[in-house]
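Number of protein chains: 2
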Amino acid sequence: MKQAIYNIGVEDTMRIIGGKWKPIILCHLKHGIMRTGELRRAIPNITQKMLTQQLRELEDDGIINRKVYSQIPPKVEYSLTEYGESLNKILEDLCVWGEKDIERRKQKGENIILLNKEDVAADSLPYAD
Amino acid sequence: MKQAIYNIGVEDTMRIIGGKWKPIILCHLKHGIMRTGELRRAIPNITQKMLTQQLRELEDDGIINRKVYSQIPPKVEYSLTEYGESLNKILEDLCVWGEKDIERRKQKGENIILLNKEDVAADSLPYAD
DNA sequence: TTTTAAAGGTACTTTTTAGTACCTACTGCA
DNA sequence: TGCAGTAGGTACTAAAAAGTACCTTTAAAA
Numbered sequence: 080m081k082q083a084i085y086n087i088g089v090e091d092t093m094r095i096i097g098g099k100w101k102p103i104i105l106c107h108l109k110h111g112i113m114r115t116g117e118l119r120r121a122i123p124n125i126t127q128k129m130l131t132q133q134l135r136e137l138e139d140d141g142i143i144n145r146k147v148y149s150q151i152p153p154k155v156e157y158s159l160t161e162y163g164e165s166l167n168k169i170l171e172d173l174c175v176w177g178e179k180d181i182e183r184r185k186q187k188g189e190n191i192i193l194l195n196k197e198d199v200a201a202d203s204l205p206y207a208d
Numbered sequence: 080m081k082q083a084i085y086n087i088g089v090e091d092t093m094r095i096i097g098g099k100w101k102p103i104i105l106c107h108l109k110h111g112i113m114r115t116g117e118l119r120r121a122i123p124n125i126t127q128k129m130l131t132q133q134l135r136e137l138e139d140d141g142i143i144n145r146k147v148y149s150q151i152p153p154k155v156e157y158s159l160t161e162y163g164e165s166l167n168k169i170l171e172d173l174c175v176w177g178e179k180d181i182e183r184r185k186q187k188g189e190n191i192i193l194l195n196k197e198d199v200a201a202d203s204l205p206y207a208d
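Structure, rendered in structure tokens:
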């Protein structure tokens, strides 16, 4: 059995949700169940390979569920596990912080664009400013 | 001027605080001012090069301050900017989630160790490696 | 006189991560 | 008949990130 040694908790968190695609995948899944194709369309530029690979790792870490329907053509649904949902607040905060940061940089004259503010559910979320 | 396009806020957040070392550096700096050497001792295994490089990038993104004292030998202090402090809650949550996750995995029999629950830390102590 | 400590620079190499291209199976539809 | 949609797998390559080794400056201490 291989041993894992961490110096600080955040190392473990980042091992699990870090990288280029995992935070994005999780930020979509926190809204509910999604099929593979939905995720692929929701995440422009991700390849089938990277999507599947990242989903497998998240599944192995107990963050997401993979539900396979035995039918043709195949149907697979992904969702956060109960444990994965313990990340909901963090994921939301990460999204919102980024949205505000982009807004801030835009104000400063940077050429920066956010395509989907899909996350905010704007009317239900009071901005603490 | 180069253009930055994001599909979702979390992409920007991760660009700024993601990677192997930045979350760790920031989790230390959220406790207050630290000198370069303190950070180096607090983060075992980080090299001088990576430390400086990551600190520069965080500075460029407006997250941390770099205060240079004109003296020999040199003295440089790093701290979160006011803007950087808007990440405090997120950083704390990332740390705590990881600590709990490590505890959970340990209970499940995984061979996993957390050396410093850094929030009680004497994080300026020189650790032998 | 040599060494140490401080902070950091730079060229180069290695490792890790991500991307490309092409493959599977099955069924319905035009 | 042949292609689209669905959810993958796999070998190989490219790019990004991180690591190694060695360099600088200066004052004080050994």
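Protein chains in written order, with my numbering: chain U, 80 to 208; chain P, 80 to 208. For every residue, glycine included, the Cβ atom is placed at its ideal position computed from N, Cα and C.
Exposed unless 16 or more other CB atoms sit within 10 angstroms - verdict on residue i
i	result
G111/P	exposed
D180/U	buried
P152/U	exposed
G88/P	buried
Q186/U	exposed
Q150/U	exposed
E161/P	exposed
D139/U	exposed
Q127/U	exposed
E117/U	exposed
K109/P	buried
Y157/U	buried
I84/U	exposed
I192/U	exposed
G163/P	buried
S203/U	Confidence is the limiting factor: at S203/U the pLDDT is only 38, short of 50, which leaves the residue's position unreliable, though a coordinate-based value still follows. It is exposed - the Cβ of S203/U has fewer than 16 other Cβ atoms within 10 Å.
D91/U	buried
Neighbouring residues, chain U, relative to residue i (Cβ below 9 Å)
i	result
I143/P	Neighbours of I143/P on chain U: none; closest Cβ ~15 Å, over 9 Å.
G97/P	M93, G97, G98, K99 and P102
Residues that residue i contacts on chain P, provided the C-beta gap is smaller than 7 Å
i	result
P153/U	Within chain P, no residue comes near P153/U; the closest Cβ sits about 26 Å away, beyond 7 Å.
M93/U	P102
Residues sharing a beta bridge with residue i, DSSP
i	result
M129/U	Bridge partners of M129/U: none, in fact.
A83/U	I191/P
R135/U	Answer is none; R135/U lacks a bridge partner.
M113/U	Y157/U
Partners in chain P for residue i, counting only beta-carbon separations shorter than 8 Å
i	result
D139/U	Correct list: empty, because the minimum Cβ distance to chain P is about 12 Å.
N195/U	N86 and I87
Presumed contact (8 Å Cβ cut-off) between residue i and residue j, rounded CB distance
i	j	result
L166/U	W176/P	7 Å
L194/P	N86/U	5 Å
M113/U	P102/P	Not quite, the Cβ-Cβ distance comes to about 27 Å (not below 8 Å), so this is no contact.
Q82/U	N190/P	5 Å
I169/P	I169/U	7 Å
E178/P	K196/P	6 Å
L130/U	I143/U	Not confirmed; about 12 Å, so no contact.
Chain U contact residues for residue i, given Cβ-Cβ distances below 8 Å
i	result
D82/P	It is Gln, not Asp, that sits at residue 82/P in the sequence shown. The answer, in chain order, is N190, I191 and I192.
L166/P	W176
Proximal chain P residues relative to residue i, where beta-carbon distance stays under 9 Å
i	result
T160/U	Within 9 Å Cβ-Cβ: nothing; T160/U doesn't reach chain P, min ~13 Å.
Within chain U, the residues that residue i reaches when beta carbons sit closer than 7 Å
i	result
I23/P	Outside the shown range of chain P (80 to 208) lies residue 23/P, about which nothing can therefore be said.
L173/P	V89, T92 and I169
Any chance you could list the alpha helix (DSSP H) runs of at least 4 consecutive residues sitting entirely within the segment 139 to 192 of chain P, in chain order?
Taking 4 residues as the shortest admissible run, the segment 139 to 192 of chain P contains the following complete alpha helix (DSSP H) segments, listed from N- to C-terminal end: 167 to 186.
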